[in-house]
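Asks:
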Amino acid sequence: MIKREVVDKGIQPENQYGFDESNFIMGQARKVRVTGRRGAKNTYSQQGGSRQSVTVMVTICADGSALTPTAIFKGTKLLKRWGDVNPLEINIARAKKGYTNKELGAAWMRDFDGQTHMKNDEPRVLFLDGHNSHYSNALLDYATENGIRVLGYWARMTHVAQGLDVVCFGALKIEYGLARDEYERRTGREIDGSSFLQVYAEAHCKIFTTDLVKKAFEKTGIHPWNPDAISLLNQAPSRELSTQ
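Encoded structure:
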């Protein structure tokens, strides 16, 4: 599928994109020392720390660039404080459960088009997994009408085929954890909705460098095209999700 839809059609790296989302816990549960009887081992209990998460939607390009991400907060309405400190001007959305859905997926596709259509007049290819929110009729129809070819891998293959999963998100989680810990040590406050984007931005900028983004496409064999990048035992066919 990649050879036929990307290589054979001459899609240039600046028009090849990969999208995925990941969840980030805002606060963290701290270990609190509990004093026991003399001679007993120290015991610890988990206290404090918000376990509420934020979903971040990330899009990268084979030319080494990354688009402005979208953060989905849990809530029934948008809160102004979520964007109080937003150094990357990350797009802010909300969902009742804090996760992406078909409505947000379709809105994201419109934003993706807005961020990429001015680059050139050539067709764009977008790789994503098979989550329900990624192939609603509204999303696929908009993509087809605007020259965006959507290619998706089976969900069980994202751990070897999706560059964001393979290269970026693990490192991003580590950097976010470090930035979160440093913020909480420095301020004495846990991360919440008003500080999440500030802390996340530190990690995002460290991970989404030109070199690492290119590596995400290279390691999965998308660009440069390398059919041997993923072993035959782990390969599964890509499926075309764009409507005709």
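Numbering (full-length UniProt numbering), first residue to last: 1 to 244. Beta carbons are placed, not taken as given, at the ideal position from N, Cα and C, and that holds for glycine.
(1) What's the C-alpha gap between SER195 and THR68?
(2) Measuring only the C-alpha atoms, how far is TYR44 from ALA201?
(3) Using only alpha-carbon positions, find the residue among TYR153, HIS117, ASN226 and LEU104 that is nearest to VAL56.
(4) When you compare the CB positions of GLY75 and ARG94, do they come within less than 7 Å of one another, or not?
(5) May I ask which residues mark the beginning and end of the alpha helix (DSSP H) holding GLU184?
(6) Going along the chain, which residues of its own chain have a beta-carbon closer than 6 Å to the beta-carbon of TYR142, five neighbours each way excluded?
(7) Are three or more beta carbon pairs between the stretch 82-91 and the stretch 214-231 nearer than 8 Å?
(8) Check whether the stretch 166-184 touches the stretch 120-139, counting contact only when three or more Cβ pairs, one atom from each stretch, lie closer than 8 Å.
(9) In whole angstroms, what is the alpha-carbon distance linking HIS117 and GLY147?
(10) Considering Cα atoms alone, identify which of GLY83, GLU218 and ARG4 is closest to VAL160.
(11) Look at the alpha carbon of SER53 and the alpha carbon of HIS223, and state the distance between them as a whole number of angstroms.
(12) Mind checking ARG124: buried by the 16 CB within 10 Å criterion, or exposed?
(13) Which whole runs of the beta strand (DSSP E) in the stretch 77-111 are 3 residues long or more, in chain order?
(14) Nearest CA to the CA of PRO13: which residue from PHE127, VAL166 and TYR176?
(15) Between ILE191 and VAL199, how many whole angstroms is the CB-CB distance? I'm expecting something under 8 Å.
(16) Name the residue from LEU78, THR100 and LYS3 whose alpha carbon lies nearest to the alpha carbon of GLN16.
Replies: With the structure as the only source:
(1) 18 Å
(2) With a pLDDT of only 40 at TYR44, under the threshold of 50, the placement of this residue in the model should not be trusted, and no figure is reported.
(3) LEU104
(4) The answer is yes: Cβ separation under 7 Å.
(5) Taken as a continuous stretch (DSSP letters only), the alpha helix (DSSP H) holding GLU184 covers 169-187.
(6) MET109
(7) no
(8) no
(9) 9 Å
(10) The shortest CA-to-CA distance from VAL160 to any of GLY83, GLU218 and ARG4 is the one to GLU218.
(11) 33 Å
(12) Burial call: buried.
(13) 91-95
(14) PHE127
(15) 6 Å
(16) LYS3
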